[in-house]
Every structure is written in C-alpha cells, then in structure tokens.
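**Student:**
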Amino acid sequence: MVALAFLCGILLVLPIGGADMPVVISLMNSYAGLASAATGFAIGNNVLIIAGALDGASGFILSIVMSKAMNRSFGNVLFGAFGSVVEGASAKTAEGLTVREISAEDAAVQLAYARLVIVVPGYGLAVAQAQHAVRELADLIEKRGGEVKYAIHPVAGRMPGHMNVLLAEANVPYDRLVEMDEINGQFPQADVALVIGANDVVNPAARNDPASPIYGMPILNVDQAQKIIVMKRSMNPGFAGIENELFYNEKTSMLFGDAKQSLVRLVTEVKSL
C-alpha cells in the first residue's frame, strides 16, 4: 500500500508543469483534507470528517479559481505538461534581439528621482529573502518625494498570497499592495517599474503571441511603464520555459545579480545622491 501510494502521488503531479506550482500546492492541500475526512469515517470521528471536508473543498475551489486566473482549464493544468520548453516560441522571441544592462548607479538615479515607482515582486525576491531590502529602498524613495506601490499578481510566487505574506513580514503597509486589476491601469503613469524576480507574470507574449503557451493569461502590464528595470540572476527563462519579450523591450534595462545584493547596492547608491 505504501508503494502504491508513492506511485500514485508521483503520477498525479508528474504531468503538472513547474509554472503551475501554486495550483499543485492547493491541490495537495485538498487531497490532504479528503484523506483526513476518510480517516474520520474510518474511526468514527465527526470533527475530523467536518474539518477534512472543509479543507478538501476549499483547496479544490482555490485550485479552480487559480486556473481561471491563468486563463486555463483545470484539466489543462493537471495534464498539460505546462512546464515543457517551447523551442519555437523561444527562438522567435530572442532572434536578433539584445538586452540592455544597467549599473546599480544608473538604476539608483532613475529610482531616486522618480515620482511613481511600481515594484513587481516575484519568486526571485522570496528566494533571495530580499523583502527587507526592498522596503528600505522604498522608504528612501518616499523620503525624496516619490511614491512606491507594489503590483501583486494572483499567482506570483509559489502559493496564493505568497507575495502579500512576504512583504507583510517586512512591514510594508498593506495599502501599498495593489492587486493586478487595479494596478494595471497605473503602469503608464509609472516613471519606473522595478521587476524583482518575476518572469512569466510580466511576459507580454501572453497578450501578443497566440502561439505562446501562456497566451491569454492575465499579466501585469509592466511594458507600459516609462522605464523598466528588471532584476534577475541570469537570462534563463521562467517556469513556462519560454523567453520573456519584456527583457528585449527598448525601455527595459537588466540589473543582473542576486536580488538582495542588488537591492543593497541600490540602497547605498540612493543614500549617496
């Protein structure tokens, strides 16, 4: 039975791509609730039955809602192998295009004199544990008269609310966290959009390329900002396995390196201005 359970667990998640990790986590939580409810029936514990049923139902509903947020069916998430690399789309995007790299000094100047900065946090921010550094940078920008907002995509990170919890840990005021539907209309007024470790949720291919596997997925309209600074370790694609058109945009500058170290350098440079 243990071997069979192990095999079933692997086969259930094997077709699910890495970009759908939030849905996987929610689905696993739903399965755990159903297992608890079944245990309650086996031992005659009504509390366990009720709690497990609620946990299972809420996890399943959340999985459905997140699938709709990505403009995909629940069945496609479970069996679509979304994480596979689409070589044709990647080659088409990157062919003949170059990225523009920026130094921490130049990036700091843009941020220090911006009136509105929209920060777009992603999984890279969580990996680098850079939430406190980005809060310090935001405080410096606001002291110089600028305004800082945080654009929250519903499936950014590895679970629903991941970015909210991460930024709350750094005492970022909750009213600065703006959901996707509300913040998208404000990007054209933003002097700088600072993307920290986000990839697929800011990829314009979701709007522009019908052949892209993420076509139709709601994204943050970062490409509409006046200037864009993207902080990444390298040019590796995101979990969807495709190139990000945003990186080759003429308004985009790439600041390579660990997110936390890069933010610390930005803080130092802004303080020196």
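In our numbering, the protein residues as written are 2 to 274. In this text, a Cβ means the ideal position worked out from N, Cα and C, and glycines have one as well. Bear in mind the structure is a predicted one, so any value in this text is a computation, not a measurement.
1) Does DSSP classify Ile153 as helix, strand or coil?
2) Around the Cβ of Phe7, are there at least 16 other Cβ atoms within 10 angstroms (buried) or fewer (exposed)?
3) With distances taken Cα to Cα, identify the nearest neighbour of Ala199 among Lys150, Asn245, Ser273 and Ile51.
4) Hey, would you say Ile215 sits closer than 9 angstroms to Ala226, going by beta carbons?
5) Could you check whether Ser37 and Asp56 sit closer than 9 angstroms to each other, using their CB atoms as the reference points?
6) Which residues in the same chain have their Cβ closer than 6 angstroms to the Cβ of Pro122, if we skip the five residues on either side of it in sequence?
7) Quick check on the burial criterion: 16 or more other C-beta atoms within 10 angstroms. Buried or exposed for Ile119?
8) Any chance you could list the alpha helix (DSSP H) runs of at least 4 consecutive residues sitting entirely within the segment 140–221, in chain order?
9) What does the alpha-carbon distance come out to for the pair Ser31 and Val48?
10) Between which two residues does the beta strand (DSSP E) containing Lys252 stretch?
11) In whole angstroms, what separates the C-alpha of Ala127 from that of Phe257?
12) Leaving out five residues on either side along the sequence, give the residues of the same chain with a beta carbon under 7 angstroms from the beta carbon of Ala133.
13) Could you check how far apart the C-beta atoms of Leu112 and Leu267 are, in whole angstroms? I think they sit under 8 angstroms.
14) Distance cutoff 9 angstroms, beta carbons only. Does Met67 sit that close to anything in chain D?
15) Out of Phe80, Asp259 and Ile220, which has the shortest C-alpha to C-alpha gap to Lys233?
16) Just mark Asn204 as buried or exposed, buried being the case when its beta carbon has 16 or more other beta carbons within 10 Å.
17) Helix, strand or coil, according to DSSP, for Pro16 in the structure here?
18) Could you give the distance in angstroms between the alpha-carbon of Thr269 and the alpha-carbon of Ser263?
19) For Val223, which residues in the same chain have their Cβ closer than 7 angstroms to its Cβ, ignoring the five residues on either side in sequence?
20) In terms of DSSP beta bridges, what is Pro23 paired with?
21) Given that a residue counts as buried once 16 or more other Cβ atoms are within 10 Å of its Cβ, and exposed if not, what is Arg145?
22) Count the other CB atoms, across all protein chains shown, that sit within 10 Å of the CB of Ala139; report buried if there are 16 or more and exposed otherwise.
23) Helix, strand or coil for Asn2 per DSSP?
24) Quick one: what's got a C-beta closer than 7 angstroms to Ala178's C-beta in the same chain, skipping five residues either side?
25) Bridge partners for Met232 per DSSP, in chain order?
26) Using the rule of at least 16 other Cβ atoms within 10 Å of the residue's Cβ for burial, across every protein chain shown, is Asp201 buried or exposed?
27) Figure out for me which residue from Val3, Val271 and Ala129 has the closest Cα to the Cα of Leu141.
28) By the 10 Å Cβ neighbour count, where 16 or more other Cβ atoms means buried, how is Met218 classified, buried or exposed?
29) Who does Ile119 pair with in a DSSP beta bridge?
**Tutor:** Straight from the coordinates:
1) strand
2) exposed
3) Asn245
4) no
5) yes
6) Met164 and Ile197
7) buried
8) 163–170, 181–184 and 206–209
9) 17 angstroms
10) Run containing Lys252: none; DSSP gives neither H nor E here.
11) 16 angstroms
12) In the sequence as presented, Ala is not what sits at residue 133; that position holds His. Closer than 7 angstroms at the Cβ level, and outside the excluded window around His133, lie Ala171.
13) 7 angstroms
14) Judged by its chain identifiers, the structure shown contains no chain D, having just a single protein chain.
15) Asp259
16) buried
17) coil
18) 10 angstroms
19) Val121, Phe188, Ala194, Val196, Val203, Ile229 and Leu247
20) Per DSSP, none; premise fails for Pro23.
21) exposed
22) buried
23) The sequence shown places Met at residue 2, rather than the Asn named in the question. Three-state DSSP puts Met2 in coil, outside helix and strand.
24) Inspection of the sequence shows that residue 178 is occupied by Leu rather than by Ala. Result list for Leu178: Tyr151, Ile153, Asn165 and Leu168, in chain order.
25) Ile197 and Leu256
26) buried
27) Val271
28) buried
29) Lys150 and Ala194
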